[in-house]
Amino acid sequence: MYDFSTLMHDIDQLQHHSLVRIHEIGRSVLNKPIVELQIGEGETYVHMNASFHANEWITSAVVMALVRDYVQALQNKQHLLGYDVQRLYEKTTLSVVPMVNPDGVDLVLHGKKAAQHYEDEVVRINGGSEDFSQWKANIRGVDLNNQFPVKWEVEKERKIPKAPAPRDFPGFFSLTEPEVQAMVALTKERNFFKVLAFHTQGKEIYWGYEQCEPPEAEEEVNEFATWSGYVPVRYIDSHAGYRDWFIFNWKRCGYTIELGEGVNPLPFSQFPSIYNESIGIFVTALART
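Per UniProt numbering, numbering through the sequence shown is continuous, rising by one, with the last residue being 289.
Structure representation (structure tokens):
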């Protein structure tokens, strides 16, 4: 499993590398730091994030492994999949938020005790069950990837939960949750060239939104598909997500990558195959700037 303390241990290991800059961009409801890693010297910022959804925590493990291998290749002056990583480092800055929803991840992996003073509340929201394996929301029962102000009202109207729930509740208003506020502030400040949001599962890559995506998005997603074997999907009937909001407002490339296949939470035994499917996407995203 890959929980918040494992993430912080891995980040601590990366602190020894002068190549990696570490920023706290905000705090979760339970006051855990939401961390951004930066690697690179370029003015072009490529952003990646993981674990918007609690029971998709394997995405954090994958993204951190990709970061670690990128740093290692830079240190050893090696290539990654034939790409000269030194050149990528000089022309881009990689921004990674490896765990957007640390409270939710720990709830899924460690149970109600991880909810601290929300313990009784999360059990109530979960219908009295102490099995949190299907929990996607943050600790307050808000789906963080349904919180962004782009047709948020559509999702509020049609989502079945009208109150805090383990999944799918978009909040009583948009932008209410601190985790989302941190991501909005970061995105505005950094002015990202493109964004990749890692989720599970389905082996698909969503790449268009409301015809706001730029023409080059199709070419890039086809390259991702070649590396990963994943299926590019231009439009889905979904709004108020991070990628939707980014494409709509910036008219730049944004991708939601649904790693692996099966039922969430995916077993950690899928990690090696998911990593192999992801590495080409990771390097291509940095190279195509």
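Glycine included, C-beta positions come from ideal geometry on N, C-alpha and C.
| Check | Outcome |
| --- | --- |
| Whole-angstrom C-beta distance between A54 and K112, which should lie under 8 Å | Contact flag wrong, Cβ pair sits at about 13 Å. |
| Whole beta strand (DSSP E) elements within the stretch 157-219, 3-residue minimum | 194-200, 204-206 |
| Completely contained alpha helix (DSSP H) runs for the stretch 73-104, where each covers 4 or more residues | 85-91 |
| C-beta contact flag for M48 and F198 at 8 Å | yes |
| For E121 and E90, the rounded distance between their alpha carbons | 48 Å |
| Backbone CA spacing between D244 and G254 [nearest angstrom] | 8 Å |
| Other residues of its chain near V231: CB distance less than 6 Å, five sequence neighbours each side excluded | E204 |
| Nonlocal neighbours in the same chain, by C-beta distance under 8 Å from D3, ignoring five residues either side | W57, V105, D106, L109, H110 |
| DSSP state of I25 mapped onto helix, strand, coil | strand |
| Local Cβ density within 10 Å of R140, reported as buried at 16 or more and exposed below that | buried |
| Where A240 falls: helix, strand or coil (DSSP) | coil |
| Beta-carbon spacing of G26, P178 below 8 Å | yes |
| Same chain only: Cβ atoms within 6 Å of V195, ignoring 5 sequence neighbours per side | H47, F246, G254 |
| L45 in three-state terms, based on DSSP | Per the sequence shown, the amino acid found at residue 45 is Tyr instead of Leu. It is a strand residue. |
| Pairwise C-alpha distance: S133 and V263 | 11 Å |
| According to DSSP, residues forming a beta bridge with T256 | A197, Y206 |
| Residue nearest to M183 in terms of C-alpha spacing, selected from N101, Y275, S273, F248 | N101 |
| Whole-Å CB distance - H17 paired with E36, under 8 Å assumed | With 8 Å as the limit, H17 and E36 do not qualify as a contact, their Cβ atoms being about 15 Å apart. |
| V150 in three-state terms, based on DSSP | coil |
| Whole-angstrom distance between N146 and L14, CA atom to CA atom | 31 Å |
| CB of F271 within 8 Å of CB of A61, strictly | yes |
| Per-residue DSSP class, three states only, for P37 | It should be noted that the sequence gives Leu, not Pro, for residue 37. Three-state result, L37: strand. |
| Classification of H79 by the beta-carbon crowding that lies within 10 angstroms, buried from 16 upward | exposed |
| Local Cβ density within 10 Å of D237, reported as buried at 16 or more and exposed below that | exposed |
| Beta-bridge pairing of A50 - partner residues as DSSP gives them | F198 |
| Nearest-angstrom Cα separation, counted from Q72 out to M8 | 19 Å |
| Cβ neighbours of V221 in the same chain (closer than 7 Å, five flanking residues each side left out) | I205, W207, P232, Y255 |
| Span separating the alpha-carbon of N249 from that of E189 | 14 Å |
| For L66 and I279, the rounded distance between their alpha carbons | 7 Å |
| Alpha-carbon to alpha-carbon, E258 and K251 | 22 Å |
| C-beta atoms of P98 and V63 nearer than 8 Å | yes |
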